[in-house]
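Protein chains: 2
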Amino acid sequence: MMAMSSQGAFLHTPEFEHNLNNLAAVAIGAGLGLAPGQELVMTATLDALSLVRRITEQAYKVGASLVTTLFTDEASTLLRYRHGTEATFDAASGWLYEGMAQAYKNGAARLAITGNDPSLLSKEDPAKVSRVNRATSKAYRPALELITRHDINWTIVACATPAWAKAMFPDLAADDALAKLWQGIFAASRTNVADPVAAWKEHDAKLHARAEWLNNKRYYALHFKGPGTDLRVGMADDHLWLGGGTTAHNGLYCIPNMPTEEVFSTPHKDRVDGTVTSTKPLSHMGTLIEGICVRFEGGRIVDAKATRGGEVLQKMIETDEGARRLGEVALVPHSSPIASSGLLFLNTLFDENAACHIALGQAYSTCVKDGNSLTPEQLAARGANTSLIHVDWMIGSNKIDVDGISASGASEPVMRAGEWV
Amino acid sequence: MMAMSSQGAFLHTPEFEHNLNNLAAVAIGAGLGLAPGQELVMTATLDALSLVRRITEQAYKVGASLVTTLFTDEASTLLRYRHGTEATFDAASGWLYEGMAQAYKNGAARLAITGNDPSLLSKEDPAKVSRVNRATSKAYRPALELITRHDINWTIVACATPAWAKAMFPDLAADDALAKLWQGIFAASRTNVADPVAAWKEHDAKLHARAEWLNNKRYYALHFKGPGTDLRVGMADDHLWLGGGTTAHNGLYCIPNMPTEEVFSTPHKDRVDGTVTSTKPLSHMGTLIEGICVRFEGGRIVDAKATRGGEVLQKMIETDEGARRLGEVALVPHSSPIASSGLLFLNTLFDENAACHIALGQAYSTCVKDGNSLTPEQLAARGANTSLIHVDWMIGSNKIDVDGISASGASEPVMRAGEWV
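Note that the protein sequences, when read in sequence, are chains A and B.
Residue 0 is where the first sequence starts when you use numbering that gives the first Met the number 0, and the numbers rise one by one after that.
Residue 0 is where the second sequence starts when you use numbering that gives the first Met the number 0, and the numbers rise one by one after that.
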C-alpha cells in the first residue's frame, strides 16, 4: 500500500476544492466587483482551465450576461519562435486587441489570470522577443489605456500551473511543486480564511488609510538607501498615492490586483537620480532578469546592467524614450504576507507585493490629481511618464531605508529596515 | 504482460503521427492555401489542441506572419446554460466577431477546426439554445459574409475529440472510439496516401469537371424521388454549380471544406415544392435532430416534423422568414469515400459529403453568376435566399433518384440509386 504523504496529495483534498472555489468567489466578488448583467472578458493560459471554469461559473451565478475567455497556448507561442519567418516578429493581432477595447467600451469587465511559465522564452533570441513585445504592446495600447485609466472594473488573479511551479521549485516532484505554489497563492489571496470577502474588505481599508497618510505628507521626493542602492525619486507634481481598490469610471468598485499589498504613486520622470539594485529576479515576458543595477541622471537611465538577462533588459529600455524613465514607485512593508512566506514567485503580481518596487515606463494617470481629465501634455508637465512598456521590478528588502523629503528639503524616516516607521 | 491489441493503440503509432502531420500539411497546403506572410485566424475546441499545434507549426513553416487560435471550452458553454440568468441567452460577443471581420479585411486567412460534441446541448432548454444561436448568428454575420463571399481563403478541417468519438461509438472504450474516429477522418481527408496534396489536386479536378457538366445542362429544376421524398427543387436564375476549390477575391486558391465530395448550387427560394425526408440525423448546435420530414409549398416550409429534436427544428425554422426556405442544394454520389465507410459522423462536414443534401437559410452568392457584384435585391430577384442561418441536412441515399428538368419541362435522369448516371 502506498502512503499518501506527499505534498501533492493536497491537490485531491476537499480543502483544495474549498480554496479554489473561494479564489473564484473573491476574484468575482471582491476583486472584479462584477455587476449583474455585465459582460466579462477573461484571459488565461490553457493550464489555468480549472480556475477559468470556477470563475466562469461564479460569474454566471452573479448574473454575467456573457463570459468569453481568450486562451493562450504557450507551446504555440514557442512554435512561433522556432519556426516563424522574419515577418512574424513584428506582427501582432491588433484586431483582437481592438475587439477587446470595443468590449470594454460596451461595458465589459476584464479579468486576467496570470500563471505563465516564467522561463518560457529564456532560450529565444532576445532581439526577437523584444520585437514581439514591442509590436504586442503597441497593438494592445488602446485596450490597455481603458484599463489603466480605470474606465472599467478589472482585476488580475493567479492560477498555479505546472511550468510556473517547476520554475519555482525545480527540485520537487511536479505534483508537490504545484501543491506548494497553490498554497502560496491561496495564502496571498486570503482564500484560506473563514470569510474571504470580509478579509479583503478589511485589508483594503488598511491600504486606503496608508495611502491617505502619504497623501497628507505630500513628499517632494523619496530617498531609498540600502546595499547597492542610493536613489532619490522625485514625485510628480499633484501626485496621488493609491492602494487597494478603486471605483472605476463605470461606477463599479474593484481591487485590480489579487494579491495586493502595495501603496503606489507617480514619480517625476525628470527628477530621479542615483543608483538602484534589484532585490529579486524579474520575470519579464518569459525571461528571467537578475541582479539589475541601474544609474539614473535627471530621470533617465544612463547606465544599466544585470548579472543575468542583461540583453533583454537593454532591449527593454530601448523600446522608446519613456522606457528608460520611471512611471511608478511603490512601498510595501517587508512583513507583508507574501514576503513572510519566503517564496520567490517569479511573477510580478506576487513579487511586487513582497517588496518596495519601481516601474520603468508608462505612468498611471490615476496617480495624478484629476489625471484622467488632463491632456497628455498636461500630464507630462506634471512629470508623468509615457511609454509602450510598464515593467515593475523589486528594490525593497529588510535592509532598505526610505526617507521622505519635503519641498523645503527636510527629511524624515518613512521606512526602516523595510518596515513602516 | 498486457497485450496491445486494442484499436486505441493506433493513437500511439508512428502511422498516427504521420497521418496527423499529413492532415496539418493538407489543411495549410491544399485546403487553406496559406500565402507566405499571411496572418491566420484559427478556431478550435480545447480538445483539438494536438491538431492546433501541428497546424500552427505548419503555418509558421510556410511563412505565416501570425497564427491566433480562439479556443472554445465546451464545459464553459454548459456552465452558461446551467447557471446563467435570463440576460445571457440573448447575448453574443459581437466585439470578437467584429475583430475577426477586421482581421479578414486586413488580409488574414481563416481555418476552423470542427470536432464538437454532437450532443453537448441536447439536455438544455431548446428555447434557450435557439435564443443563443440567434444572437450568435446575428453577431457573426458580418464576419461570416466575408467568408461566404470568398473574400478570403478559408477552410474547415476536423479533429477527433473524445466527446465526438463517444457520440459516434457509445459502446467502445474511449481510446478505441477515438482511434476509430481518427481513422475515419484520415481516410476522408486523404491523409493516408503517398502524396496527400497531389491526391487532393486530382480529386479537386474531378469535382470541377462534374460542376462544369451540370453548368452546361442549365437545369430549371431537380426532382428528388425516394422513400418519403418527392421534391421538386427549382434552381435560381443564373445559378452556378460549384465544387472543390475556388480562387478567393484575395487571389488565393483554397478548398473550403476538407473533406469535400459535393457539387452544390443555389435553388430558387420561391420554387421548391413537395415533401422531403432526411436520410441521416442532423447534429445542430449540440442537439441531434432525426427523421426530419418537411413539406414545401412555393418555396416555403408549410409543415415540419421530426422523430427526435422536433422542437429544436421548429425553433430553427422560426429564426426568420428565410429560415424556412432553401439556400443550397448539393449532389453527392452514394459511392463517395465517406458514404463507403458506413460511418455516421454526426457532423455536417462529413455527413453532408456522404449524401445529397439541402440547406435551409442563407444562399451562397458565389453560386449565382456574378453574384458578388449583385445587390441584395438583385440576388433576391434571381431567387437567392437570405437568412441568419445556413443548416445542411441529408436527403440522399442509395434509394434516391434525381432527375434534371429543363426549362421546356423535359426530364432526364441525373442520378439513379444514389449514383451519377
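Every residue, glycine too, gets a C-beta built ideally from N, C-alpha and C.
In this text, all values refer to a predicted model and were calculated from it rather than measured experimentally.
For residue i, I'd like the list of residues in its chain whose CB is within less than 7 Å of its CB, leaving aside the five on either flank, ordered along the chain.
i, result
"Met0(A)", "Because Met0(A) carries a pLDDT of 46, less than 50, the predicted location of this residue cannot be relied on, and the following value inherits that uncertainty. So no residue of the chain qualifies."
"Ala90(A)", "Ala134"
"Met3(A)", "Residue confidence is low: Met3(A) scores 45 on pLDDT, short of 50, so the model does not pin down where it sits. No coordinate-derived value is stated."
"Tyr139(A)", "Tyr96"
"Phe88(A)", "Lys127, Arg130, Val131"
"Asn21(B)", "Thr190, Pro195"
"Tyr218(A)", "Met234, Gly403, Ile404, Ser405"
"Gly30(A)", "Thr154, Val156, Cys253, Ile254, Met257"
"Asp203(B)", "Gly243, Gly244, Ile254"
"Ser136(A)", "Leu387, Ile388"
Let me check understanding here. Comparing Cα to Cα, which of the options lies closest to residue i?
i, options, result
"Ala142(B)", "Asp175(B), Phe168(B), Gly114(B), Gly98(B)", "Gly98(B)"
"Gly244(B)", "Glu56(B), Pro332(B), Gly7(B), Val196(B)", "Val196(B)"
"Ala63(A)", "Ile54(A), Phe70(A), Thr71(A)", "Ile54(A)"
"Leu373(A)", "Pro35(A), His238(A), Ala303(A)", "His238(A)"
"Ile288(B)", "Ile27(B), Val390(B), Leu50(B)", "Val390(B)"
"Gln57(B)", "Ala24(B), Leu312(B), Glu260(B), Ser282(B)", "Ala24(B)"
"Asn105(A)", "Arg217(A), Leu359(A), Asp150(A)", "Asp150(A)"
"Phe70(B)", "Val51(B), Ala86(B), Leu78(B)", "Val51(B)"
"Ala187(B)", "Leu342(B), Gln361(B), Ile27(B)", "Leu342(B)"
"Glu123(A)", "Phe344(A), Gly93(A), Asn152(A), Arg79(A)", "Arg79(A)"
"Ala358(B)", "Ala29(B), Leu281(B), Gly370(B), Asp369(B)", "Leu281(B)"
"Asp72(A)", "Trp240(A), Ala409(A), Gly114(A)", "Gly114(A)"
"Phe263(B)", "Leu221(B), Thr190(B), Lys127(B), Glu201(B)", "Leu221(B)"
"Gly290(B)", "Gln182(B), Thr67(B), Arg307(B), Ala29(B)", "Arg307(B)"
"Lys279(B)", "His207(B), Ala353(B), Asp46(B)", "Ala353(B)"
"Val131(A)", "Ser364(A), Thr76(A), Lys224(A), Asp203(A)", "Thr76(A)"
"Phe223(A)", "Ala362(A), Val271(A), Ala102(A)", "Val271(A)"
"Glu351(A)", "Ala107(A), Trp392(A), Asp269(A)", "Trp392(A)"
"Arg81(A)", "Ser92(B), Trp94(B), Leu65(B), Ala86(B)", "Leu65(B)"
Enumerate in chain order the residues of its own chain whose CB-to-CB distance from residue i is below 6 Å, with the five nearest sequence positions on each side excluded.
i, result
"Lys314(B)", "Pro125, Ser129"
"Pro226(A)", "Lys398"
"Asp424(A)", "Look at the range of chain A in this structure, 0 to 420, and you will see that residue 424(A) is not part of it."
"Val293(A)", "Val275, Ile300, Ala303"
"Trp181(B)", "Ala159"
Name the chain B residues that come within less than 9 Å of residue i, Cβ to Cβ?
i, result
"Arg381(A)", "Neighbours of Arg381(A) on chain B: none; closest Cβ ~34 Å, over 9 Å."
"Tyr218(A)", "Simply none; closest approach about 42 Å."
"Ala24(A)", "Correct list: empty, because the minimum Cβ distance to chain B is about 13 Å."
Using a cut-off of 8 Å between C-beta atoms, extract the partners of residue i located in chain A.
i, result
"Ser75(B)", "Val51, Arg52, Thr55, Val66, Thr68"
"His82(B)", "Glu56, Tyr59, Lys60"
Can you confirm whether residue i, when its beta carbon is compared against all beta carbons of chain C, has any partner nearer than 8 Å?
i, result
"Tyr59(B)", "Protein chains A and B are contained in the structure displayed, whereas chain C is not."
Check the Cβ of residue i against every Cβ in chain B and list those closer than 7 Å, keeping chain order.
i, result
"Asn105(A)", "Trp94"
"Gly36(A)", "Ala86"
"Ala162(A)", "Here the premise fails: no neighbours, minimum Cβ distance about 15 Å."
Given that residue i touches chain A, what residues does it touch there, using C-beta distances under 7 Å?
i, result
"Arg109(B)", "Ordered by position in chain A, no residue passes the 7 Å Cβ test against Arg109(B), which lies about 12 Å from the chain."
"Gln101(B)", "Trp94, Glu97"
"Leu78(B)", "Arg52, Thr55, Glu56, Tyr59"
"Ala322(B)", "What Ala322(B) touches in chain A: nothing, since even the nearest Cβ is about 24 Å away."
List the residues of chain A that residue i touches, going by C-beta distances under 9 Å, in chain order.
i, result
"Asp116(B)", "Per Cβ cutoff of 9 Å: no residues; Asp116(B) is ~16 Å from chain A at best."
"Asp72(B)", "Leu48, Val51, Arg52, Thr55, Thr68, Phe70"
Counting only the same chain and skipping the five closest in sequence on each side, list residues whose C-beta sits under 8 Å from that of residue i.
i, result
"Met414(A)", "Leu330, Pro332, Cys355, Ile399, Asp400, Val401, Val420"
"Tyr252(B)", "Gly32, Asn152, Gly244, Thr245, Thr246"
"Leu10(A)", "Asp174, Leu177, Ala178, Trp181"
"Ile112(A)", "Met41, Thr42, Ala43, Thr44, Ala47, Leu50, Val51, Ile54, Ile155, Val156, Ala157, Cys158"
What does residue i reach in chain B if we use C-beta pairs closer than 8 Å?
i, result
"Arg307(A)", "The contacting residues do not exist; Arg307(A) stays about 29 Å from chain B at best."
"Leu45(A)", "Leu45, Leu48, Phe70"
"Ala90(A)", "Glu38, Ser64, Leu65"
Does the stretch 268-284 of chain B come close enough to the stretch 230-243 of chain B that 3 or more CB-CB pairs lie under 8 Å?
yes
Please determine if the stretch 376-390 of chain B and the stretch 156-164 of chain B are in contact, where contact requires at least 3 C-beta pairs separated by less than 8 Å.
no
Report yes or no: do three or more beta-carbon pairs, one from the stretch 210-223 of chain A and one from the stretch 33-46 of chain A, lie closer than 8 Å?
no
Listed from N- to C-terminal order along the chain, which residues in the stretch 118-151 of chain B have their beta-carbon within a distance smaller than 7 Å of any beta-carbon of chain A?
For the stretch 118-151 of chain B, there are no residues whose beta carbon sits under 7 Å from a beta carbon of chain A.
Assess contact between the stretch 325-343 of chain A and the stretch 378-398 of chain A, defined as three or more Cβ pairs (one per stretch) separated by less than 8 Å. Is contact present?
In short, these stretches touch, since the Cβ pair count reaches three.
Under 7 Å, CB to CB, which of the residues in the stretch 251-269 of chain B have a partner in chain A?
none
Touching or not, the stretch 283-302 of chain B and the stretch 103-122 of chain B, by the rule of three or more beta carbon pairs under 8 Å?
yes
Any 3 or more C-beta pairs closer than 8 Å across the stretch 248-258 of chain A and the stretch 404-417 of chain A
no
Determine which residues of the stretch 219-236 of chain A have a Cβ less than 9 Å from any Cβ of chain B, and write them out in chain order.
none
Which residues, in chain order, does the stretch 165-188 of chain A contribute to contact with chain B at a C-beta distance below 7 Å?
none
Could you list the residues in the stretch 197-216 of chain A with a C-beta less than 8 Å from some C-beta on chain B, going in chain order?
none
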